[in-house]
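See structure below.
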Amino acid sequence: MLDRGDPAAARTSAEHALEARPDDPDAAVLLGAIALAESDPEESLRSYERAIELDPEYLEPYTAAAQVCLYDLDDPIRGLRYCLEALELDVLSAFESLDVHLVAAECELAANAEAEARRRLASLDEESVLMSTLRLGARPDLLQEAHESDPDDERAVAAAYLRRDNEGDDLDEEERVERIGRALQLAFRLARMRLDLDEIDAATQTLTELLRDYPGEPDAWYLVSEAHHRAGHLPEACVAAIKTLELDHELPVPDWVPSFAIIHRRVVQQLKDCPDPSLRALVDTGHPITVMVRDAPAPELVMEGVDPRVGALALAGRALPPAGADGDELPPPQLTGLAIYRRNLARFARDAEHFEQELAFSVLDELAAFLGLDDAAREQLGLPALPPLPVAAEPDDGGPTTGKAKGKKKRGRRRSRAAS
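Residues 282 to 701 (this note's numbering) make up the sequence shown, in order.
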């Protein structure tokens with residue numbers, strides 16, 4: 282019921298289950314997920330803590346509690362404590378251990394403990410098991426030949442993971458594919474963490490190996506694009522970004538995503554109701570900005586460096602300098618429009634309500650950044666403060682006089698909980 286977007290019915294069912302089986306931690310875990318869907322992270326955390334009390338050896342509530350602390354309560358230190366407790370559990374598979382280590386590294390990075398996060402990733406024994414699993418998953422012939430005689434051998438552990446469940450029963454093909462999918466997500470998270478820690482070469486090596494066996498994975502291409510971008514390999518970055526765009530286009534848009542016309546009306550109404558006068562003025566004047574709704578950015582924009590998965594993009598142009606003016610002093614860019622990419626926004630949403638939240642946030646965040654609103658104005662809009670500018674920021678040379686946008690969305694943009 283929660284997956285169908287009905288948290289109220291899911292809560293009723295979970296509460297009945299808890300009444301019938303008060304010692305069952307699964308009901309408490311479900312209530313934690315429901316509270317989070319209802320935007321109540323404090324209640325969610327209490328439910329996960331109750332599940333831990335009911336069964337201290339149950340892994341799921343530890344990692345769920347850590348993620349609530351990290352993503353929703355802005356308390357990475359507390360989240361790290363849950364991870365460290367989870368790593369003390371007696372029975373953790375290689376994949377469970379890797380999952381917890383990745384959450385712990387995210388907590389350390391959020392707490393400005395980069396050195397600790399680097400050390401954690403450098404000492405991961407589970408990575409070799411993960412990559413062996415993905416190699417075997419892509420090659421059924423190799424999986425058939427693999428032996429499980431040595432439990433300390435990563436290939437043997439990987440083969441066992443792809444053949445049998447936790448009870449020792451044989452997996453069917455659907456279950457095996459699901460496990461390969463989980464392993465891929467762990468590999469993407471590991472690569473993402475390394476990018477966030479500026480370990481570009483290590484991330485690129487992992488992603489290159491993944492794409493050899495899984496060339497149709499858009500997330501791998503997206504991360505490769507970012508790795509090339511950070512390394513300064515712009516042509517390679519743009520080619521990988523185009524591949525991401527093409528593969529994303531093959532996926533259907535969820536049924537709950539509003540139509541182009543409805544999204545357009547909601548964006549205009551949001552700006553009309555905005556508490557900030559500079560944003561209200563964008564639609565209240567006689568010459569409102571143009572709002573365009575598309576599924577994804579045009580390939581031409583992506584080849585210019587626009588993030589293929591950006592949700593909203595401010596569009597701008599520069600007027601020609603007055604006659605006789607110094608050619609080196611170009612006028613500032615002028616906002617001409619706002620592009621909304623509904624397929625990309627849907628990537629960060631789990632249902633129609635969450636889509637509306639992502640849409641509202643993306644519109645305000647993009648326009649506030651373009652207009653240079655200060656932290657006080659951003660706070661009034663419900664936006665977080667902007668991070669400090671890089672020490673060695675690239676100069677804005679203005680580009681050609683017909684250049685489009687000031688600061689096109691490239692890499693390093695905000696990632697919501699869903700993307701993490």
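Backbone N, C-alpha and C define an ideal beta-carbon position, used for all residues, glycine too.
Remember, predicted model here, so these are calculated numbers, not experimental data.
Rounded to whole angstroms, what is the Cα-Cα separation between residue i and residue j?
{"i": "I544", "j": "T571", "result": "13 Å"}
{"i": "A595", "j": "R659", "result": "17 Å"}
{"i": "A649", "j": "S328", "result": "36 Å"}
{"i": "D453", "j": "A483", "result": "34 Å"}
{"i": "R457", "j": "N393", "result": "38 Å"}
{"i": "H382", "j": "L340", "result": "13 Å"}
{"i": "D588", "j": "Y495", "result": "22 Å"}
{"i": "E435", "j": "S413", "result": "7 Å"}
{"i": "E480", "j": "R399", "result": "9 Å"}
{"i": "S404", "j": "R302", "result": "41 Å"}
{"i": "L465", "j": "P499", "result": "11 Å"}
{"i": "E517", "j": "D304", "result": "55 Å"}
{"i": "E389", "j": "D632", "result": "30 Å"}
{"i": "L311", "j": "F376", "result": "22 Å"}
{"i": "A597", "j": "C555", "result": "21 Å"}
{"i": "R590", "j": "L532", "result": "13 Å"}
{"i": "A627", "j": "P603", "result": "43 Å"}
{"i": "D536", "j": "E610", "result": "49 Å"}
{"i": "R694", "j": "D356", "result": "Per-residue confidence for R694 stands at a pLDDT of 38, beneath the threshold of 50, marking its modelled position as unreliable; the derived number appears in the next sentence. Their backbone Cα atoms lie some 21 Å apart in a straight line."}
{"i": "G592", "j": "P612", "result": "27 Å"}
{"i": "P421", "j": "L471", "result": "24 Å"}
{"i": "P569", "j": "A318", "result": "36 Å"}
{"i": "K553", "j": "L645", "result": "12 Å"}
{"i": "L423", "j": "A441", "result": "13 Å"}
Rank the options by C-alpha distance to the C-alpha of residue i and give the top, closest one.
{"i": "A308", "options": "D321, S320, E319 and P342", "result": "P342"}
{"i": "V410", "options": "A439, L311 and L560", "result": "A439"}
{"i": "L365", "options": "Y442, D380, Y352 and P569", "result": "D380"}
{"i": "V520", "options": "D536, A386 and P580", "result": "P580"}
{"i": "P668", "options": "A367, L311, G313 and A391", "result": "A391"}
{"i": "R599", "options": "G586, A593 and G618", "result": "G618"}
{"i": "G653", "options": "P603, L560 and P602", "result": "L560"}
{"i": "L491", "options": "R359, I461, G513 and L478", "result": "I461"}
{"i": "H509", "options": "L528, R416 and T485", "result": "T485"}
{"i": "A367", "options": "D353, D355, P337 and P357", "result": "P337"}
{"i": "D477", "options": "D450, L354 and A512", "result": "A512"}
{"i": "R331", "options": "G313, D321 and Q638", "result": "G313"}
{"i": "H530", "options": "D576, R547 and T487", "result": "D576"}
{"i": "H514", "options": "L443, G586, A501 and P569", "result": "G586"}
{"i": "D321", "options": "E334, C350 and P306", "result": "C350"}
{"i": "P473", "options": "L335, W502, L417 and L528", "result": "Note on identity: in this sequence residue 473 is Arg, with Pro being the wrong assignment. Among L335, W502, L417 and L528, the Cα nearest to that of R473 is on W502."}
{"i": "P578", "options": "R547, N625 and R546", "result": "N625"}
Using the Cβ count rule (16 or more neighbours within 10 Å means buried), how would you classify residue i?
{"i": "E534", "result": "The sequence shown places Val at residue 534, rather than the Glu named in the question. V534 should be labelled exposed."}
{"i": "Q615", "result": "exposed"}
{"i": "R475", "result": "buried"}
{"i": "Q661", "result": "exposed"}
{"i": "P665", "result": "exposed"}
{"i": "A427", "result": "buried"}
{"i": "H635", "result": "buried"}
{"i": "K524", "result": "buried"}
{"i": "E647", "result": "buried"}
{"i": "V372", "result": "exposed"}
{"i": "S643", "result": "buried"}
{"i": "P558", "result": "exposed"}
{"i": "S506", "result": "buried"}
{"i": "R493", "result": "exposed"}
{"i": "T489", "result": "exposed"}
{"i": "E448", "result": "exposed"}
{"i": "G567", "result": "exposed"}
{"i": "D656", "result": "exposed"}
{"i": "A562", "result": "exposed"}
{"i": "E369", "result": "exposed"}
{"i": "I315", "result": "buried"}
{"i": "E459", "result": "exposed"}
{"i": "E639", "result": "buried"}
{"i": "G497", "result": "exposed"}
{"i": "G663", "result": "exposed"}
{"i": "I333", "result": "buried"}
{"i": "L230", "result": "Past the boundaries of the shown model lies residue 230; the chain is included only from 282 to 701, so the question cannot be answered."}
{"i": "L601", "result": "exposed"}
Which whole-angstrom value is the C-beta distance of residue i and residue j, which I expect to be below 8 Å?
{"i": "R623", "j": "V538", "result": "6 Å"}
{"i": "V583", "j": "A522", "result": "5 Å"}
{"i": "E397", "j": "S378", "result": "That pair is no contact at about 17 Å."}
{"i": "L504", "j": "F469", "result": "6 Å"}
{"i": "V574", "j": "I621", "result": "5 Å"}
{"i": "E429", "j": "A437", "result": "5 Å"}
{"i": "A385", "j": "L402", "result": "Not a contact, Cβ separation roughly 10 Å."}
{"i": "L443", "j": "L417", "result": "6 Å"}
Does any residue of chain C bring its CB to less than 8 Å from the CB of residue i?
{"i": "P602", "result": "Given the protein chain composition of this structure (a single chain), no chain C is represented."}
| said: So, does the segment 345-362 touch the segment 316-327, judging by three or more C-beta pairs under 8 Å? | reply: yes
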